[in-house]
Amino acid sequence: MDALISVNLALQALGGWLAGPMKFFSFLGSEDFFLIALPLVYWCVDSALGLRIGVMLLLSNGFNTLFKMSMHGPRPYWVSDQVVGMASETSFGVPSGHAQIAAGVWGVAADALKRTWGWVAASIVIFLIGLSRLYLGVHFLHDVLLGWFLGGVTLWAFLKYWDPIAARLKKLSLANQITLAFVFSLAMIALAALIVFLSRDFVVPAEWIANATRNGGEEPNPLSMEGIVTAMGTLFGLLAGVAWLAPRGGYQVTGPAWKRALRYFVGLIGVAVFYVGLKAVFPDGEDLVALVFRYIRYALVGVWVSAGAPWVFSKTKL
């Protein structure tokens with residue numbers, strides 16, 4: 001165990017002055033950042049790029065959850081009281097979701113720029129996001145390395161097959177496109193449920209719980225279904241919205257900067273209604289009813305981003 005945490009301890013020994021910068025780089029690979037950035041790109045910069053980033057983000061998140069549930073790897077601050085957990089995480093640690101998602105999403109952004117400097121900048125950001133997770137004590141080195149590898153493989157496959165798959169899907173009827181997206185999302189959720197069932201005898205070690213919560217951190221809940229339901233609900237909504245809007249002219253980003261800024265503000269109000277408003281009234285928890293409502297809530301967020309908000313922009317001349 002000492003060998004596994006040596007990298008974390010060495011980085012944390014550099015001093016607390018790094019905590020702020022490292023938390024910032026960690027934020028660049030987080031769901032909260034992408035919740036802000038994805039609508040900005042889709043509504044105000046390039047809708048096609050926003051869609052590619054959104055699909056990569058949600059697929060990477062879903063696959064990462066499946067890997068995590070299968071591998072049962074702890075986090076450094078769960079297993080050692082020498083490592084300071086500067087962030088609180090409840091899921092398993094391997095592979096690193098931040099590293100995997102960053103490699104995929106920032107890679108898609110770099111590919112869109114078609115410039116060498118874009119790939120250099122993306123590589124630096126991807127590296128710093130992974131490094132931040134080591135410093136914050138939430139991942140071992142092998143977690144991050146595996147995350148980068150899986151993210152790279154996903155990125156390669158995405159860039160190779162996105163265009164031909166998208167072209168084939170566009171030839172399907174609206175009903176078939178929506179059905180296919182729905183079935184895929186449910187298949188991913190079912191696979192996660194199967195892994196949870198096969199792991200039914202797993203018990204989180206008391207040592208992990210004690211270390212994770214000793215400084216006010218959250219108790220590990222590594223087999224929670226909430227993450228996969230969130231990602232797949234959003235993915236379904238995003239794809240269903242795009243399919244619905246396409247025969248109605250689709251959505252292309254145009255207009256002056258002030259209109260795009262206003263568009264973003266109006267759009268975020270809708271996101272808040274579905275993301276925050278429905279959270280207050282829908283049931284919460286891990287039971288089937290709560291998970292169904294979670295899927296619906298995030299599907300509505302996805303539909304709003306890809307179709308609802310663009311429809312409002314069109315009708316209000318934004």
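Numbering-wise (this note's numbering), the sequence shown opens with residue 1 and increments by one. For each residue, glycine too, the CB sits at the ideal point set by N, CA and C.
- Short of 6 Å from the beta carbon of P39, and not among the five residues preceding or following it, lie these beta carbons of its own chain, in chain order: G267 and V305.
- Residue environment analysis places I5 among the buried positions, since at least 16 neighbouring C-beta atoms fall within 10 angstroms of its C-beta.
- Under the three-state reduction of DSSP, P247 is assigned to helix.
- By the beta-carbon neighbour count (other beta carbons within 10 angstroms, threshold 16), T116 is exposed.
- Between the alpha carbons of V273 and E31 lies a distance of about 18 Å.
- Between the region 258-266 and the region 305-318, the count of C-beta pairs closer than 8 Å reaches three or more; the two stretches touch.
- Taken through DSSP and simplified to helix, strand or coil, T234 comes out as helix.
- Annotation: the continuous alpha helix (DSSP H) that includes L35 extends over E31 to C44.
- Contact check for F149 against P95 passes: the beta carbons are separated by less than 9 Å.
- Residue N221 holds the alpha-carbon nearest to the alpha-carbon of H72 among N221, F236 and L239.
- For D143, the enclosing alpha helix (DSSP H) covers residues L141 to K170.
- In this structure, H139 lies near R75, with their beta-carbon atoms less than 9 Å apart.
- Taking a C-beta distance under 9 Å as the contact criterion, Q177 and A231 do not qualify as a contact pair.
- Apart from the 5 residues on each side of it in sequence, I126 sits with its Cβ closer than 6 Å to the Cβ of A102, A103 and W106 in its chain, given in chain order.
- Here Q82 has I5 and L9 as same chain residues with Cβ atoms under 8 Å from its own Cβ, once five neighbours each way along the sequence are excluded.
- A straight-line Cα-Cα distance of about 12 Å links Y295 and V303.
- F92 sits in coil when the DSSP states are folded into three classes, being neither helix nor strand.
- Here R133 is near A99, since their CB atoms are less than 9 Å apart.
- Scanning its chain for C-beta atoms nearer than 6 Å, with the 5 sequence neighbours on each side dropped, one finds around G97 the residues N64, in chain order.
- Assignment of G15 by DSSP, reduced to helix, strand and coil, places it in the coil class.
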